[in-house]
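Top line first, the protein sequences correspond to chains A and B.
So in this note's numbering the end of the first sequence lands on 893, straight run, no missing numbers.
So in this note's numbering the end of the second sequence lands on 893, straight run, no missing numbers.
Here a beta-carbon is modelled for each residue, glycine too, at the ideal position from N, C-alpha and C.
Just below is one structure, and these are the notes that go with it.
2 protein chains.
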Amino acid sequence: MSDHSPKRVLVLGAGFGGLTFCQELSAPSAEVTVVDRQNHHLFQPLLYQVATAGLSAPEIAQPIRSILSDQENTRVILDEVKEIRLAEKSVVLQGQTVSYDYLVIALGGITAYFGHPEWAEHAPGLKSLEDAVRIRRQVLLCFERAESELDPAAQKRLMTLVVVGGGPTGVELAGALAELTRFVLTKDFRRIDPALAQVILIEASPVVLSNFPQELAINATATLRAMGVDVRTERKVRSITQGAVELDNGEVLEAETILWAAGVGASPLTRQLGVELDRAGRVKVNPDCSVPGHPEVFAIGDLVSLMNEDGKPIPGVSPAAMQMAKHVAGIVSRELQSRTVAPVESRPPFRYRDKGSMATIGRSAAVAHFKEFQLTGFAAWLAWLLVHVLFLIGFRNKLAVLIQWAYSYLTYKRGSRIITKI
Amino acid sequence: MSDHSPKRVLVLGAGFGGLTFCQELSAPSAEVTVVDRQNHHLFQPLLYQVATAGLSAPEIAQPIRSILSDQENTRVILDEVKEIRLAEKSVVLQGQTVSYDYLVIALGGITAYFGHPEWAEHAPGLKSLEDAVRIRRQVLLCFERAESELDPAAQKRLMTLVVVGGGPTGVELAGALAELTRFVLTKDFRRIDPALAQVILIEASPVVLSNFPQELAINATATLRAMGVDVRTERKVRSITQGAVELDNGEVLEAETILWAAGVGASPLTRQLGVELDRAGRVKVNPDCSVPGHPEVFAIGDLVSLMNEDGKPIPGVSPAAMQMAKHVAGIVSRELQSRTVAPVESRPPFRYRDKGSMATIGRSAAVAHFKEFQLTGFAAWLAWLLVHVLFLIGFRNKLAVLIQWAYSYLTYKRGSRIITKI
Numbered sequence: 472m473s474d475h476s477p478k479r480v481l482v483l484g485a486g487f488g489g490l491t492f493c494q495e496l497s498a499p500s501a502e503v504t505v506v507d508r509q510n511h512h513l514f515q516p517l518l519y520q521v522a523t524a525g526l527s528a529p530e531i532a533q534p535i536r537s538i539l540s541d542q543e544n545t546r547v548i549l550d551e552v553k554e555i556r557l558a559e560k561s562v563v564l565q566g567q568t569v570s571y572d573y574l575v576i577a578l579g580g581i582t583a584y585f586g587h588p589e590w591a592e593h594a595p596g597l598k599s600l601e602d603a604v605r606i607r608r609q610v611l612l613c614f615e616r617a618e619s620e621l622d623p624a625a626q627k628r629l630m631t632l633v634v635v636g637g638g639p640t641g642v643e644l645a646g647a648l649a650e651l652t653r654f655v656l657t658k659d660f661r662r663i664d665p666a667l668a669q670v671i672l673i674e675a676s677p678v679v680l681s682n683f684p685q686e687l688a689i690n691a692t693a694t695l696r697a698m699g700v701d702v703r704t705e706r707k708v709r710s711i712t713q714g715a716v717e718l719d720n721g722e723v724l725e726a727e728t729i730l731w732a733a734g735v736g737a738s739p740l741t742r743q744l745g746v747e748l749d750r751a752g753r754v755k756v757n758p759d760c761s762v763p764g765h766p767e768v769f770a771i772g773d774l775v776s777l778m779n780e781d782g783k784p785i786p787g788v789s790p791a792a793m794q795m796a797k798h799v800a801g802i803v804s805r806e807l808q809s810r811t812v813a814p815v816e817s818r819p820p821f822r823y824r825d826k827g828s829m830a831t832i833g834r835s836a837a838v839a840h841f842k843e844f845q846l847t848g849f850a851a852w853l854a855w856l857l858v859h860v861l862f863l864i865g866f867r868n869k870l871a872v873l874i875q876w877a878y879s880y881l882t883y884k885r886g887s888r889i890i891t892k893i
Numbered sequence: 472m473s474d475h476s477p478k479r480v481l482v483l484g485a486g487f488g489g490l491t492f493c494q495e496l497s498a499p500s501a502e503v504t505v506v507d508r509q510n511h512h513l514f515q516p517l518l519y520q521v522a523t524a525g526l527s528a529p530e531i532a533q534p535i536r537s538i539l540s541d542q543e544n545t546r547v548i549l550d551e552v553k554e555i556r557l558a559e560k561s562v563v564l565q566g567q568t569v570s571y572d573y574l575v576i577a578l579g580g581i582t583a584y585f586g587h588p589e590w591a592e593h594a595p596g597l598k599s600l601e602d603a604v605r606i607r608r609q610v611l612l613c614f615e616r617a618e619s620e621l622d623p624a625a626q627k628r629l630m631t632l633v634v635v636g637g638g639p640t641g642v643e644l645a646g647a648l649a650e651l652t653r654f655v656l657t658k659d660f661r662r663i664d665p666a667l668a669q670v671i672l673i674e675a676s677p678v679v680l681s682n683f684p685q686e687l688a689i690n691a692t693a694t695l696r697a698m699g700v701d702v703r704t705e706r707k708v709r710s711i712t713q714g715a716v717e718l719d720n721g722e723v724l725e726a727e728t729i730l731w732a733a734g735v736g737a738s739p740l741t742r743q744l745g746v747e748l749d750r751a752g753r754v755k756v757n758p759d760c761s762v763p764g765h766p767e768v769f770a771i772g773d774l775v776s777l778m779n780e781d782g783k784p785i786p787g788v789s790p791a792a793m794q795m796a797k798h799v800a801g802i803v804s805r806e807l808q809s810r811t812v813a814p815v816e817s818r819p820p821f822r823y824r825d826k827g828s829m830a831t832i833g834r835s836a837a838v839a840h841f842k843e844f845q846l847t848g849f850a851a852w853l854a855w856l857l858v859h860v861l862f863l864i865g866f867r868n869k870l871a872v873l874i875q876w877a878y879s880y881l882t883y884k885r886g887s888r889i890i891t892k893i
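The following block contains the structure:
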């Protein structure tokens, strides 16, 4: 390849990290290729709303091609990554092999069961649209079956929902499930009263949202309890089988619906890289986000293990992925212009700026902390709504989501309560 | 059972017929049970929009329980009908057996392949949300594969879409597919030009929409051709295999996407009734819509064969199903009040009032005929839009659908272009 042929930039994954990189990269003469196994970018923070029938699947997803259609030097391939060959500077997909000059690995995370992969079958996680639609179907079908069930014990099991893990996803799921059963489904059944459904949230720490400031964590725990969620803190799961969760105190919770929100790990493809990983399989990258020994390869987002300047680990959240993407896009843009791969030491290190975090608990409650202040209750919920609507990519989705929310806020109906087999 | 115990009315199917019956029945002391194998009522006339990525699935569906939640004597069972036992006055479901005093069979139709069930695998029909989502996935994936395909013949096959059958569904599908390829997808791909995709519509008659007045049928045929659809009239299909349609003149069309819109038949459960059926398996009912020999059993909608007073067969369209439902609800309401099953001869015969029909061809063209006048082009499209939005059940869906349409009309983007595996 001559020095004047266009440089090839390959991006694996079109999540928040991969897409932001493409949008921030300023290299019109480069050939950019994005690979994702889905045709859509997913707005993951709202996935729990699809799982609890608040939103329909297309409302939180946007075709990757549409998002990038104005970037004429960017090509999108719908395919799965099979092998990353760092030595040959190529990536093997199911359908073809793509060579690169620069590689950005932004494949995100997967649901992790901490050494118990057999739990996956009984307690699905929430990472993709498929997961969300499957959970929605499962929850709605349980109530349908409870309505026809004559055995009281079986009926109770069908109407018990356990969420394992009290991080933001677990809290949002438990809150939304409590509302679904208490307000949305109440009028629809004749024999059962969906409001009697039990939503149980299991968390190992003394409070939910243990990464939030203590005051907010306590507030969130109390809010969930006031909504009728049975919050079991300082409890661990010993085993999960079909329809039953055994806790570390020996108690067995019989529940037809068990949802896993307790752990994420890096994409298993990181194990092929031959570089040092942390316990969750995340790549220990250089301070500039490059992969050790390969200055032309970067890893960003949830599959990265990196310390911030204050010595704290950078969290696996979408703002961090987007900030890393922007940082790496800057490095690659400059080097493509000067046509040299700079030594890693000369590149600026990545600095994460924590702009705060928030979690919504229900129809009008949330907790939020920012650098300067904290919010709880309705004010936090409004802030949450504002931030999420602003971040949603694509005009149509913003408007449709707003209308959905306004409507379900006003009427407590849910428009997406549809069970489909595929 | 004593004469004063509540009478049990069992309704099989919650399509337009079954739901209208429940809503029109005036018998507060009766116990009404509705059985459907889906939890949602489907607005079938817009199904082609889901298949062509114009609308998302929940936008044209509404939970049956919500629609009927105000009718307190009505119970909904999500289950599949296995056997109808007219002699015992009971219906066997997968999960239970339900007895009745009055039975209304409103199970609708299925896609029929006229003695070629093996074509079903290669040429899906469009009757359910699952069908629509599967077709959407198939069409969008073909373009994704075409973008990566290097063999020109394979690329052409991936970009050829054949629709068999030029009735309203076939015309609407072909028109929407032509727009999807010509306007929606055009900017999204780098290697292929989706506007070069071929949409071929096969119809045995000399014109499409052959049941419409001739002038409108000619107009529709010309409109489709102007939109780039290759309309092949007076052509029949000889065979369908994976990726290929053979026509009666020996020509073979290589197409990865083949959609079947050429025939509907009655639900196969009609064969269990032991009564006379027509060739399509539809029940030859008495003039009051009751099943011969069983005055307490009615059949309505697409699975009924009945002549109107003018000697013409009543068409299998939703207005006919809804009019039959209303007629039968009147009979049953009166008889429940007087607590006698009247002789069939004394009941009023059903009279179908044809209020006209319409078919949309694209973004701003349609054909419509009413008793007094006909419309084509944009005026017909506006009439079509108005009628369909007015008929959509449930406020939320109406508003969301209107916004979707307004948005896609203004921008030519499609919001529901999401490929999911389930």
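DSSP places A:Q533 within a strand segment (E or B) once states are collapsed to three. Counting only unbroken stretches of 3 or more residues, the beta strand (DSSP E) elements lying wholly within the region 744-783 of chain A are 765-770, in sequence order. Not a single C-beta of chain A is nearer than 7 Å to the C-beta of B:E620.
Taking a C-beta cut-off of 7 Å against chain A, the contacting residues of the region 534-547 of chain B are P534, R536, S537, S540 and R546, listed in chain order. For A:V563, the enclosing beta strand (DSSP E) begins and ends at S561 to L564. Around B:V756, the same chain offers V762, P763, F769, A770, V775, S776 and L777 as residues with beta carbons nearer than 8 Å, after the five sequence neighbours per side are excluded. Under the Cβ criterion of 7 Å, A:K658 is counted among the residues facing chain B. In the DSSP assignment, the residues bridged to B:S570 are B:S561. When rounded, the separation of the alpha-carbon atoms in B:L740 and B:D550 is 15 Å.
Assignment of A:L857 by DSSP, reduced to helix, strand and coil, places it in the helix class. Between A:H512 and A:L539, the C-beta spacing is not below 7 Å. Residue range P639 to E650 is occupied by the alpha helix (DSSP H) that includes A:T640. Taken in chain order, the unbroken stretches of alpha helix (DSSP H) that lie wholly in the region 676-705 of chain B and span 4 residues or more are 685-697. For a cut-off of 8 Å, the C-beta gap from A:R834 to A:E643 is around 12 Å, too long to register as a contact. DSSP, reduced to helix, strand and coil, places A:K707 outside both helices and strands of the structure shown, so it counts as coil. One thing to note: A:T692 has its Cβ within 7 Å of the Cβ of A:V679. The DSSP assignment places complete beta strand (DSSP E) segments of no fewer than 3 residues inside the region 579-631 of chain A at 580-582, in order along the chain. In the three-state DSSP reduction, B:R742 falls in the helix class (H, G or I). By the Cβ rule, the region 740-752 of chain B does not count as touching the region 722-730 of chain B, because fewer than three pairs are nearer than 8 Å. For A:R556, the enclosing beta strand (DSSP E) begins and ends at V552 to R556.
Taking a cut-off of 8 Å for Cβ pairs, the region 632-641 of chain B and the region 497-514 of chain B do not touch, as fewer than three such pairs fall below it.
Uninterrupted alpha helix (DSSP H) stretches at least 4 residues long and entirely within the region 784-812 of chain A occur at 789-809, given in chain order. For B:V815, there is no enclosing alpha helix (DSSP H), since its DSSP letter is neither H nor E.
Cβ atoms of A:A603 and A:L695 stay farther apart than 8 Å, at about 21 Å. Secondary-structure assignment with DSSP links A:V503 through a beta bridge to A:V480 and A:T545. Per DSSP, A:T523 lies in no beta strand (DSSP E) and is assigned neither H nor E.
Per the coordinates, the alpha-carbon of B:H798 lies some 31 Å from the alpha-carbon of A:E618. Within chain A, not a single residue places a beta-carbon under 8 Å from that of B:R818; the smallest gap is close to 31 Å. In chain order, A617 and A668 place their CB closer than 6 Å to the CB of A:M630, counting only its own chain and leaving out the 5 sequence neighbours on each side. B:A524 places its beta carbon 7 Å or farther from that of B:D507. Listed in chain order, the non-local C-beta contacts of B:S804 below 7 Å within the same chain comprise L496, S497 and A498, local neighbours out to five positions each way being set aside. Across the region 595-629 of chain B, CB contacts with chain A closer than 7 Å involve L600, E601, V604, R605, L611, E615 and S619, in sequence order along the chain. Inter-residue distance for B:V700 and B:G646 is about 7 Å (C-alpha atoms, whole angstroms). Counting of Cβ neighbours within 10 angstroms places A:G596 among the buried residues, the total reaching 16 or more. For A:R508, the closest Cβ of chain B is not nearer than 7 Å. Secondary structure note for B:E495: it is in no beta strand (DSSP E), and the uninterrupted alpha helix (DSSP H) holding it is F487 to E495.
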